[in-house]
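Reviewing the structure listed below.
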Amino acid sequence: MDVKSAFLYGKIKEEVYVCQLPGFEDPDFPDRVYKMSSMGELTFFLGLQVQQKKDGIFISQDKYVGEILKKFRFTEVKTASTPMETQKPLLKDEDGEEVDVHMYRSMIGSLMYLTSLRPNIMFAVCACARYKVNPKVSYIYVVKRIFKHLKGQLKLGLWYPKDSPFDLVAYTDSDYAGASLDRKSTTGEGEYVAASSCCGQVLWI
1 MDVKSAFLYG
11 KIKEEVYVCQ
21 LPGFEDPDFP
31 DRVYKMSSMG
41 ELTFFLGLQV
51 QQKKDGIFIS
61 QDKYVGEILK
71 KFRFTEVKTA
81 STPMETQKPL
91 LKDEDGEEVD
101 VHMYRSMIGS
111 LMYLTSLRPN
121 IMFAVCACAR
131 YKVNPKVSYI
141 YVVKRIFKHL
151 KGQLKLGLWY
161 PKDSPFDLVA
171 YTDSDYAGAS
181 LDRKSTTGEG
191 EYVAASSCCG
201 QVLWI
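Going by the UniProt record's numbering, the sequence shown opens with residue 1, and the numbers climb by one from there.
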């Protein structure tokens with residue numbers, strides 16, 4: 001069975017013979033082991049679109065983005081240049097009008113699955129995820145802006161070149177003391193937390 005993997009650039013040329021799964025046996029030949037056919041090139045895996053080219057691999061979630069835009073009715077909206085307004089930080093809104101908690105959680109859950117390939121929306125999504133217990137109208141406004149940003153950025157993904165030099169540079173916002181919600185890290189602990197989180201993302205990539 002020739003198998004192409006998203007993590008290999010060549011083919012595995014060995015032949016593999018396996019027994020049939022329960023319920024798929026040939027009643028006339030219960031002990032027969034069949035040769036499987038080639039599975040072909042990997043193009044779709046767990047919601048990830050994989051394009052294998054001679055010079056590298058491109059992984060994206062364009063189809064998934066289209067599906068969630070359609071699910072939450074954001075296919076005909078104006079786009080937003082950024083996932084979050086830079087001049088209006090997300091603040092606690094204890095007295096604000098409440099929204100449907102199930103809808104809010106569903107939207108956040110759909111966005112969380114995108115953060116591994118869309119690091120540009122990670123901060124905004126995680127900030128909104130902090131209010132899943134008691135969401136307000138002001139929070140859903142930010143979530144909707146993330147969807148509007150995705151509407152204008154459909155064709156994004158991660159490119160893994162094969163032969164060209166690939167120097168990975170990571171940036172992290174370690175100024176946790178500047179957070180308007182809790183202003184933690186007066187002792188510098190937050191910087192270590194931020195660095196640890198950044199390293200975890202680098203290792204995953």
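Using N, Cα and C, we set each Cβ at its ideal position, and we do this for glycine too.
Practice task
Within 10 angstroms of the Cβ of MET103, are there 16 or more other Cβ atoms? Answer buried if so, exposed if not.
Solution key: Stepping through the sequence shown from its first residue, residue 103 is reached at position 103. Classification for MET103: exposed.
Exercise for the section: Figure out for me which residue from ILE57, LEU42 and LEU46 has the closest Cα to the Cα of PRO161. Expected result: Taking the sequence shown and counting its residues from 1, the one referred to as residue 161 is at position 161. Answer by Cα proximity: ILE57.
Exercise for the section: Just grab the DSSP bridge partners of GLY56 for me. Expected result: Your numbering for residue 56 matches position 56 in the sequence shown. DSSP lists LYS53 and PRO161 as partners of GLY56.
Exercise for the section: Determine contact between the region 41-60 and the region 128-138, defined as no fewer than three beta-carbon pairs at a distance below 8 Å. Expected result: no
Handout entry: Nonlocal neighbours in the same chain, by C-beta distance under 7 Å from VAL77, ignoring five residues either side
Key = Stepping through the sequence shown from its first residue, residue 77 is reached at position 77. Cβ neighbours of VAL77 beyond the five flanking positions: LYS148 and LYS151.
Practice task
Please report how far the alpha carbon of VAL125 lies from the alpha carbon of SER106, in whole angstroms.
Solution key: For this step, residue 125 is matched to residue 125 along the sequence shown. For this step, residue 106 is matched to residue 106 along the sequence shown. Distance between the alpha carbons of VAL125 and SER106: 12 Å.
Handout entry: Residues of its chain near residue 215, where Cβ-Cβ distance is below 7 Å and the 5 sequence neighbours each way are ignored
Key = One cannot answer for residue 215 here, as it falls past the ends of the chain, which runs 1 to 205.
Handout entry: Same chain, Cβ closer than 8 Å to VAL65, five either side skipped, listed in chain order
Key = Taking the first residue of the sequence shown as 1, we reach residue 65 at position 65. Result list for VAL65: LEU114, LEU150 and LEU154, in chain order.
Practice task
Tell me whether PHE7 is buried or exposed, calling it buried when 16 or more other Cβ atoms sit within 10 Å of its Cβ.
Solution key: Stepping through the sequence shown from its first residue, residue 7 is reached at position 7. Any reading at PHE7 must be qualified, since the residue scores a pLDDT of 43, below 50, and its modelled position is unreliable; no value is offered.
Exercise for the section: Report the residue ranges of all beta strand (DSSP E) runs contained in full by the region 57-133; include only those spanning at least 3 residues, in chain order. Expected result: none
Exercise for the section: List the endpoints of the continuous alpha helix (DSSP H) containing VAL142. Expected result: Reading the sequence shown from its first residue, position 142 is the one you call residue 142. Here the alpha helix (DSSP H) through VAL142 covers 137-151.
Practice task
Look at ILE121 and PRO89 and say whether their C-beta atoms are less than 7 Å apart.
Solution key: For the purposes of this step, residue 121 is taken as residue 121 along the sequence shown, with counting starting at 1. For the purposes of this step, residue 89 is taken as residue 89 along the sequence shown, with counting starting at 1. In this structure, PRO89 does not lie closer than 7 Å to ILE121 by Cβ.
Exercise for the section: Using only alpha-carbon positions, find the residue among ILE108, ARG130, PHE123 and LYS71 that is nearest to TYR171. Expected result: Taking the first residue of the sequence shown as position 1, residue 171 is located at position 171. With distances taken between Cα atoms, TYR171 lies closest to PHE123.
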